[in-house]
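See structure below.
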Amino acid sequence: MQEKIPEELIDQIVSQNDIVDVIGEHIQLTHKGRNYFGLCPFHGENTPSFSVSPDKQIFHCFGCGKGGNVINFVMELDSLSFVEAVQALAKRSGETIPDQYMPDSNETTLTETEQSAINAYEWAGRLFHHVLRYTDDGKDALKYLKERGFQDQDIEQFQLGYSPYKSQFLVSFLEQKGFELQSLVDTGLLSQRDGNTIIDRFQGRVLFPIHNHQGKIVGFGGRAIEEGVEPKYLNSPDSKLFQKSKLLYNFHQARKPAQKQDEIILFEGYADVIKASQAGIKHGVATLGTSLTEYQARLLSRYVSKVIICFDGDQPGREASQRAAEVARKAGLQVLIANIPYQMDPDDFIQSYGEDKFQNQVLGTAEPYVAFMLNFIKKDFNLHVQQDQLTYIEKALDLIATVDHAVERDVYLKQLEENFNLYRETLEDEIAERRRINDRRHEQAKRAKSDNQSSRQPKRRDAIYPAFQNAERQLLAHMLQNRYVAEQVQERLGSKFNMQEHQVLVTYLYAYYEEGNEPNVSRFMERLPEETLRQLVSSLALISISDTLEREELDDYLFAILKEADVDQEIRSLETMLKNAEKENDPKSAARIGMKILELRKKSNKSKL
Ligand SMILES: [Zn+2]
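Right, here's the structure in full:
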């Protein structure tokens, strides 16, 4: 039976995990004034509105309104329950939580079926790995991998495996372990023949386990080793646990080294990632057989500012590079394209020429996106024909105009100037004009986006509040950091705030202080039962206010709040009169009272909750 984790233990874990450090492991933060800023991981944005307060140990996003303390951040980021998030933080700071506080399986955010599928994948991964390394069944597969340059160390690190060519091998293993087989068909680990017999899905295939970002196996990529086994490549199907558009192969291992170097290498195949790792490049990831999605690009942009795309050196590979580069650039990443020779892939290259040449000749000479594109689009034109030449130059100018660094632009312009014998001044004018237009478009798009946002979330971002509401917010901000102010307000105003959400909040705050707690926003948030309340607190706590509150200022706030309450009361009594007038069928009085109500409402400028 699970007991509640004691507050002291939670406090200790929270204090061991500084919020700036924890968030900094996932987002690039820059220091500005008292706080840190970065791109919000919870909504797509290109300008940072996500702030972290080291003093208060909380975060708040002025874009989407999310906010909370370090536990809430981890919960939100990894979709964990409260207890799971506390556990993750404890692990991070090297503490352990006694067993009696750990959740029963049905209290995690995963359903029982999903949790059981994860366990089954774990067992399957171990079984297949064992078969590959130590059994007769796995001999041919091991030979196959060794011939393709995979070493024992790779097989170990990436937990490669082999599923024997037997229809009930994994099925009977899992059955003995007591797993419910039908649900494992639904999560894609097993297959069903003719809608009834349950069989092994990956028979006769070498397997690359695919881990989620917490390092748990949630799928397999399979490759047949014998001729005639169809299809040759077989992946787990999409399920709630295994979403190809969100996961990246090897991300759980690559994340730390990538952050350290502030760059990540994007490959097309699992084998490329493994061979690169063998060559000492530990920050490689791959998409799961699809092209890079916006979601994945945003994920990467939280950890690094630069991505090197290292796809196959053939035409489809180049086209795929272009597509991935555009998605990555949109997410704000700096993009380089590695130089893989024609008709090779990174795996072949490392195999044939070794690690040093891969480092120096492929990654070391990676070109910036625009340089790559200037070459890439040449294939569409016959540059000996004048009309084609002109169109190419136009396209080239469009591309060069998107480069923000003047020096880099200069390099490309020089090439154009020399290759096509053009006047430098003309080229520069063309670029200037294009950049003006781009800027304008950018501005418009930004404005449209922020209009859009504010209409969807009227209460957030740069909101202008009516005076009484502003007074309530300022006062609450003081009450959160000063116990004495809270006691004063409790005595003089109680919970008679006008905004309903503020009434609820002060009730919790008074209780918090009455129990003898000291002001601590992060800790206070833990007792708030609803996310909306926590978001409210994080936004209030980030209002910049002075450390002390003068008596006079306090009086002003109380006055503004009480005055509003009076108007409110007047409106309410007028509303009763209006109802009576309507009941008595007295349209003249009703109209007069109605006007009066409208007037008062306008005066108080109160938005209906
Ligand atoms: Zn946000």
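For our numbering, count along the sequence shown from 1 and bump the result up by 965. By construction, the Cβ of each residue, glycine as well, lies at the ideal position given by its N, Cα and C atoms.
**Asked** Given a threshold of 16 other Cβ atoms within 10 Å of its Cβ, counted over all protein chains shown, does residue 1524 qualify as buried or as exposed?
**Response** exposed
**Item:** Minimum C-alpha distance to residue 1175 - residue among 1168, 1183 and 1169
**Value:** 1183
**Asked** For the candidate residues 1513, 1498, 1448 and 1237, whose alpha-carbon lies nearest to that of residue 1481?
**Response** 1448
**Prompt:** Under a three-way DSSP split, which group does residue 1039 fall into?
**Reply:** helix
**Item:** Assigned exposure category for residue 1127 - 16 Cβ within 10 Å defines buried
**Value:** buried
**Prompt:** Are there 16 or more other CB atoms within 10 angstroms of the CB of residue 1113, so buried, or fewer, so exposed?
**Reply:** exposed
**Message:** For residue 1071 and residue 1047, what's the separation of their Cα atoms in angstroms?
**Reply:** Any reading at residue 1071 is ruled out, since the residue's pLDDT is 41, under 50, leaving its predicted position unreliable.
**Asked** If we call anything under 8 Å between Cβ atoms a contact, is residue 1505 one with residue 1557?
**Response** no
**Item:** ligand 1 heavy atom lying under 7 Å from the CB of residue 1028
**Value:** yes
**Backbone secondary structure at residue 1222 - three-state DSSP** = helix
**Request:** Under 8 Å Cβ to Cβ from residue 1259, same chain only, skipping five residues before and after it: list those, please.
**Result:** 1009, 1292, 1295 and 1296
**Asked** How many angstroms separate the CA atom of residue 1261 from the CA atom of residue 992?
**Response** 14 Å
**Message:** Comparing C-alpha positions only, which one of 1338, 1188 and 1206 sits nearest to residue 1043?
**Reply:** 1206
**Prompt:** ligand 1 heavy atoms versus the CB of residue 1007: any closer than 7 Å?
**Reply:** yes
**Item:** 8 Å contact criterion, which residue 1539 and residue 1567 should meet: CB distance rounded
**Value:** Rounded, the Cβ-Cβ distance is 14 Å, inconsistent with contact.
**Asked** Taking just the CA atoms, how far does residue 1377 sit from residue 1307?
**Response** 23 Å
**Asked** Does ligand 1 have even one heavy atom less than 7 Å from the beta-carbon of residue 1341?
**Response** no
**Request:** Compute the Euclidean distance between the alpha carbons of residue 1359 and residue 1372, then round it to the nearest angstrom.
**Result:** 20 Å
**Asked** Which of helix, strand or coil does DSSP assign to residue 1171?
**Response** strand
**Residues bridged to residue 1333 [DSSP beta-bridge criterion]** = 1301
**Message:** When you compare the CB positions of residue 1445 and residue 1486, do they come within less than 8 Å of one another, or not?
**Reply:** yes
**Prompt:** Taking the alpha-carbon positions, what's the residue 1055 to residue 1311 distance?
**Reply:** 39 Å
**Request:** Please confirm whether any heavy atom of ligand 1 lies closer than 7 Å to the CB of residue 1038.
**Result:** no
**Message:** Per DSSP, what are the beta-bridge partners of residue 1026 in this structure?
**Reply:** 1015
**Prompt:** For residue 1089 versus residue 1097, is the C-beta distance shorter than 8 Å?
**Reply:** no
**heavy atom of ligand 1 below 7 Å from residue 1047 C-beta** = no
**Asked** How many Å lie between residue 1086 and residue 1137 at the Cα?
**Response** 14 Å
**Message:** By alpha-carbon positions, which one of 1343, 1152, 1178 and 1135 ends up nearest to residue 1169?
**Reply:** 1135
**Prompt:** With a Cβ-Cβ cutoff of 8 Å, do residue 1239 and residue 1093 count as a contact?
**Reply:** no
**Message:** Is any non-hydrogen atom of ligand 1 found closer than 7 Å to the C-beta of residue 954, if you look at the structure I gave you?
**Reply:** Nothing can be reported for residue 954: it is not among the residues displayed for the chain, which extend from 966 to 1574.
**Asked** Is the number of C-beta pairs between the stretch 1227-1237 and the stretch 1269-1288 that are closer than 8 Å three or more?
**Response** yes
**Request:** Grab me the residues of residue 1298's own chain with a C-beta within less than 6 Å of its C-beta, minus the 5 sequence neighbours each way, in chain order.
**Result:** 1266 and 1272
**residue 1349 versus residue 1381: straight-line alpha-carbon distance, rounded** = 15 Å
**Asked** What's the gap between the Cα of residue 1129 and the Cα of residue 1185?
**Response** 14 Å
**Item:** Option nearest residue 998 by Cα separation, candidates 1533, 1509 and 1559
**Value:** 1509
**Asked** In the structure shown, what three-state DSSP assignment does residue 978 receive?
**Response** helix
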